[in-house]
Amino acid sequence: MALTGKVAVVTGGSRGIGLAIARALGARGVQVAITATSDATLRAAAAELGGGAAILPIRADVRRHAEMEEAIGQVAGRFGGLDILVNNAGIGLFRPVADMSVDDWHRIIDTNLSGVFYCSRAALPHLRARGGGWIINISSLASKNPFPEAAAYCASKAALNAFSEALMQEVRHDGIRVAYVMPGSVATEFAARRPGSDDWRLSPDDVAQVVVDLIAHPPRSLPSAVEIRPSKPPKKG
Ligand SMILES: NC(=O)c1ccc[n+]([C@@H]2O[C@H](COP(=O)([O-])OP(=O)(O)OC[C@H]3O[C@@H](n4cnc5c(N)ncnc54)[C@H](OP(=O)(O)O)[C@@H]3O)[C@@H](O)[C@H]2O)c1
C-alpha cells in the first residue's frame, strides 16, 4: 500500500509507542487521527506532530464503544474515509492475582481487549468501503511469555493475539489485512524504569518502523504476526 494520502487512526497516539507510530505515518504523508483520554496530552502530541490539517486529535476512551464509533466516524467524515487502524492503546497494572481488584481486572481487559474489538468493529465498514486496508494490533511478547504479577495483562494480550488471528481470516478476502505486533520491553512511561541503564530496551520508533513496514508490504503475502525484541538485553545470571 502506498502511504501518501492514506488515512489512519492510532489509538493511544498521545505518547509512547502510539505517538511514534503517528509520527512515522505522518512523515510518510498519512493523515493521522490520534485518540487518548487526556486532552492535555493529546494537545501536546498534536503540536509535536506539527499540528495542521493532516493531524486530528480526538479524546475518546477505547473502553466506551459508542465513543469509539463516533470517533472513527468523525475521522472518516473529516478525511473522506479510513485505510488504517492501529489498535495501540493499552495499559498494564502489575500486581499478584490475590491483590488485584475486580475493577483492575476489568480496566485491563476492557482497554487491551474489548477496546480492540470496539475499534475494529467500528472501522470495518469504512475499510470495506475503501476496498481494503490494515488493522494492526499492538500486542506484547508477554502474550507468549507470561510472568508473575502480570496475569491480567498477559491474558489480555494472549487473547488479543487470538482475536487478531481469527479476524485476519474473516476479512483477508475483502482486502483487509490484519496483523499483530509483539514488542519486548520498550522505553516508554508504561512500565516503571528498572534500575540501571535502559539503553538496551526497544525505542518506540523501532515498533513504529515495524508498523510502517507492514503497511508497505506487498499485497501478495501477509506478515500477520511480528515479534520484535531488544537485540542485546542484559545477560541472565
Ligand atoms: N512499553 C512496553 O514495554 C510495551 C511492550 C510491549 C507492548 N506494549 C504495548 O504497547 C502499547 C502502547 O504502550 P506504551 O508503552 O506506548 O504505553 P504508554 O506510554 O503508557 O501510552 C499509552 C497510550 O494509550 C492511551 N490510553 C490508555 N488508556 C486508554 C483508553 N482507555 N482509551 C484511549 N487511550 C488510552 C494513553 O493516553 P491516555 O492515558 O491519555 O488515555 C497513551 O496515549 C500498549 O498496548 C502496550 O501494552 C508496550
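The numbering of the sequence shown is numbering that gives the first Met the number 0, which starts it at 0 and goes up by one.
Note that CB positions come from ideal geometry on N, CA and C, so glycine has one too.
Note: residue 56 is bridge-paired with 33 in the DSSP secondary-structure output.
In this structure, the CA atom of residue 100 is about 20 Å from the CA atom of residue 63.
Taking a cut-off of 8 Å on C-beta distances, the segment 202 to 216 touches the segment 18 to 28, as three or more cross pairs fall below it.
In this chain, residue 48 is not harboured by any alpha helix (DSSP H), its DSSP state being neither H nor E. For a cut-off of 8 Å, the C-beta gap from residue 160 to residue 184 is around 18 Å, too long to register as a contact.
The C-alpha of residue 145 is placed about 36 Å away from the C-alpha of residue 72. Close CB contacts of residue 180 within its chain, under the 6 Å cut and outside five residues either way in sequence, are with 137, 209 and 225 (chain order). DSSP, reduced to helix, strand and coil, places residue 106 within a helical segment of the structure shown.
DSSP places residue 149 in the coil class of the three-state scheme, outside both helix and strand. With respect to the 7 Å criterion, residue 90 and residue 155 are not classified as neighbours on the basis of their beta carbons.
Contact between residue 87 and residue 187 does not hold, since the beta-carbon distance rounds to 11 Å and is not under 8 Å.
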